[in-house]
Each structure stands twice: as structure tokens, then as C-alpha cells.
Amino acid sequence: MSSGYDLASRQVYEAEAEALRIVPIRRFSRFAQIETYVQTLVLGQWWSEQFPTAPLEVHLERRSSGATYSAAHLPSHDVGVIHLVDGSGWGLETVLHELAHVAAGVGDGHGARFRAALLDLWRREAGIEAWAALRAALERANTD
50 MSSGYDLASR QVYEAEAEAL RIVPIRRFSR FAQIETYVQT LVLGQWWSEQ
100 FPTAPLEVHL ERRSSGATYS AAHLPSHDVG VIHLVDGSGW GLETVLHELA
150 HVAAGVGDGH GARFRAALLD LWRREAGIEA WAALRAALER ANTD
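Counting in our numbering, the sequence shown runs from 50 upward without gaps.
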């Protein structure tokens, strides 16, 4: 992790890492699996109800294996794009992290809307035990 991250980003990344040490979650072996997973999630009723202003159109793109991070952006209010590092960022936690950026919308970074979306996604997609571990880690980070 670079020292260039702001405090909120560092807290989220550290909380995710801590939660994963407690409860490992799914890994994807093929990029096509991620594409199917994301499309199924964002086109489902839960996504629309949970994140009513979030895009229903989310594209995935591979970044070169030399890239150092995955990212998400919203080129318009109804389209999200997730860039995943080729061959490495294929844990469910990375996909959920980037989907939380899409759900939270422009301008929130790793703020309150992002964290709420991240927790909602972990609870539904990673399970209650993983969600509880992440929630506890985020709460500890907020009190440090």
C-alpha cells in the first residue's frame, strides 16, 4: 500500500485485509466468471432496490498485469466501468470493493456512502461472518 493513500482509503484497505484474514472469501479463476457474476448482480432486483441511483450497466475491463490497482469510475450517471488488474485482482473482495464505488456514485471516494455500500455488498455476497468481520474492522479503524 502506498503512503499516498488518504486516511479513509487506508482504513478501508486495512479493514478489508483484516476481515479476509478472519474469513477468506471466493476467488474467481476466469475473467468470464467475473463478468457473469457482475451482470447477474447488477441486473437483479436486490441491486435496484438497494442502490436505486446506481447504474444497471456495468462494464468490466482488464488492466495489464503490470498495473498496481483495480479501479472503478462512472463515465455517466447510468454506466459504471470496473478495471481489474489482469490475473490478480480476482478475489470477490476486489469485485465488491469496485462495485461499492459504482453503487456509491461519483465523489464519495472511500467515504460514508461507499462504506455503507461495501458493507451491504459483503453482507449479501460474502456472507454474514465475512460482513461481521469487515464491519468490526471498519469500526475499529474509525476509533483509532
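Just so it is clear, CB atoms sit at the ideal spot from N, CA and C, and this is done for glycine as well. Just so it is clear, the structure is predicted and the values come from calculations on it, not from any experiment.
Practice problem: Flag this pair as yes or no: are the beta carbons of Glu-65 and Ala-190 separated by less than 8 Å? | Solution: Residue numbering aside, residue 65 sits at position 16 when the sequence shown is read from its first letter. Residue numbering aside, residue 190 sits at position 141 when the sequence shown is read from its first letter. In this structure, Ala-190 does not lie closer than 8 Å to Glu-65 by Cβ.
Quiz item: Enumerated in chain order, which unbroken segments of the alpha helix (DSSP H) with a length of 4 residues or greater are wholly contained in the region 123-183?
Solution: 141-153, 161-174
Exercise. Using the DSSP secondary-structure output, state which residues sit across from Leu-76 in a beta bridge.
Key: Position 27 of the sequence shown, counting from 1, holds the residue named residue 76. In the sequence as presented, Leu is not what sits at residue 76; that position holds Arg. Paired residue(s): Gly-140.
Quiz item: In the DSSP assignment, what are the bridge partners of Ala-120?
Solution: Translated into positions along the sequence shown, residue 120 becomes position 71. The partner list for Ala-120 (beta bridge, DSSP) reads His-132.
Quiz prompt | Beta bridge counterpart(s) of Leu-109 as assigned by DSSP | solution = Within the sequence shown, residue 109 is the residue found at index 60, counting from 1. Note: Leu-109 sits in a beta bridge opposite Ile-131.
Quiz item: Can you give the Cα-Cα distance for Leu-109 and Asp-157, rounded to whole angstroms?
Solution: Counting from 1 along the sequence shown, the entry for residue 109 is found at position 60. Counting from 1 along the sequence shown, the entry for residue 157 is found at position 108. If you take the alpha carbons of Leu-109 and Asp-157, they lie about 21 Å apart.
Practice problem: Could you tell me how far apart the beta carbons of Ala-182 and Ala-57 are, in whole angstroms, since I believe they sit closer than 8 Å? | Solution: Here residue 182 is taken as the residue at index 133 of the sequence shown, counted from 1. Here residue 57 is taken as the residue at index 8 of the sequence shown, counted from 1. Their Cβ separation, rounded to whole angstroms, is 19 Å, which puts Ala-182 and Ala-57 out of contact at 8 Å.
Quiz item: To which residues of the same chain is Ala-186 closer than 7 Å at the C-beta, ignoring the five residues directly before and after it?
Solution: Taking the sequence shown and counting its residues from 1, one reaches residue 186 at position 137. Hits under 7 Å: Ala-64, Glu-67, Ala-68.
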